[in-house]
Amino acid sequence: MRGWRPGAARPAAGLACELATNALKHAALPSEQLLVSLYLTDDSPVVEVRDGSGEPPRLQGFDDESTSGRGLAMVDAMVASWGHERLASGGKCVYAVLRTSA
């Protein structure tokens, strides 16, 4: 994470944990591996998680009583953008681009 702006590493690590947890809970089979990557494009930190499922991530509705289902809503609130791409080799890559300070 050399070259990242001060203060970007901790939010990126939190996002990586959240996206990896989502992949483990909703996409990965026990025999599959996940690939977590953190890198810079231009001046924006990016987090990627690749898994073997072709199913897209889904924002779930939740209420104050819900004990789960907030993961992607938290990601959505913390980043400049996020999305997913299907991989030619199968599976998908979920990515999140962190906000940069003005």
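Quick note: the sequence shown uses the numbering used here, first residue 40, plus one each step.
Every residue, glycine too, gets a C-beta built ideally from N, C-alpha and C.
Query                                                                                                                               : Result
Could you give the first and the last residue of the continuous alpha helix (DSSP H) run that contains P50?                         : 48-65
Out of E104, L68, D115, state which residue places its alpha-carbon closest to the alpha-carbon of G130.                            : L68
Go through its chain and collect everything with a Cβ distance to E124's Cβ below 8 Å, but skip five positions before and after it. : K131, C132, Y134
By Cβ distance, which residues of its chain are closer than 7 Å to D90, with the 5 residues on each side in sequence left out?      : A62, A66, A67, E71, L73, G130, K131
With a 10 Å radius around its C-beta and 16 neighbouring C-beta atoms as the bar for buried, classify P84 as buried or exposed.     : buried
Would you tell me roughly how many angstroms separate the C-alpha atoms of A47 and V86, rounded to the nearest one?                 : 11 Å
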